[in-house]
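All the letters of the sequence shown, read from the start, carry residue numbers 0 to 240 under numbering that gives the first Met the number 0.
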Amino acid sequence: MEVNYMLAYGSAEASLRLLWKFGLLELLLPIQAAYFVRSGFRRRDTRSNMLLTLFSNMDKLLAPDKPCHSSLWVSILAFHKALSDQPRNPMVVAAFSLLIHNGGNITEALEIVRRITTPHDASFPELLEPVNLNSRALTSEVMDLAKGVKAALNEMTDEHAISHAMAGYSKAPFSDLVLIPLGLYLRVCRIFECVKGGGEQGFVSKQGSKIHYESLALGSLPEVRHNFARIVFDTVFPIKS
């Protein structure tokens, strides 16, 4: 898949910008192109947005000789679409990504979330102003986000939804191209299904920050989940230098 060569080898942000600049994003990823239009992103815009920042942070972990499995960038696309459709409390996003990392251990995730002191990136409209939620409310919001991600992934694999993504923009070309085959769709579903499962029996979350690139390229579940959570955290809670 040519799109995978553009997104999985450390140049995803630049590729997305070029696809948008030359009018190809509407054909390949019309749902994401619609996001660019809604946010007023111009063809030669040098600004960024949350989707570009997610891919920029993913690029920092990859290289031409250190690619990721396509399930990682597809999971990021689905996650971002869910947030774009319904903005969320940053603490909900934090808990969600922690659950992805640890295989669904909600107790551990909530304990870590309570200790977060780094401010979120307030420039992203996908993130709401944080409010304090009790454990039950936070858990409920996280489960709702999981439903939103699954719905976003379903839209990204539905010809009808894709073909109507840019229907409201008169100059947009028609496209119903589905880039995500069934096997890849099922792999991405596997990444997220632990959120609603109450913890996967026998799942051991990845320890340490060192990336095992061979496993990442093969789509190892712990490796993909770890890097997904890492990318989301670096985007939502950037460390200021």
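Even glycine gets a Cβ: it sits at the ideal position worked out from N, Cα and C. Computed from a prediction, not measured in an experiment: that's the story for all the values here.
- Beta bridge pairing from DSSP links residue 65 with 62.
- Under the three-state reduction of DSSP output, residue 132 falls in the coil class, being neither helix nor strand.
- Secondary-structure assignment with DSSP links residue 126 through a beta bridge to 87.
- For residue 15, the number of other beta carbons within 10 angstroms of its own is at least 16, and it is reported as buried.
- Of the residues assessed, residue 21 falls on the exposed side of the cut-off, its CB having fewer than 16 other CB atoms within 10 angstroms.
- Going by beta carbons, residue 81 and residue 147 fall inside the 8 Å limit.
- Straight-line measurement puts the Cα of residue 25 at about 8 Å from the Cα of residue 19.
- The stretch 29-37 makes no contact with the stretch 213-221; the number of CB pairs closer than 8 Å stays below 3.
- A buried status is given to residue 6, since no fewer than 16 other beta-carbon atoms sit within 10 Å of its beta-carbon.
- The alpha-carbon separation between residue 98 and residue 137 amounts to approximately 12 Å.
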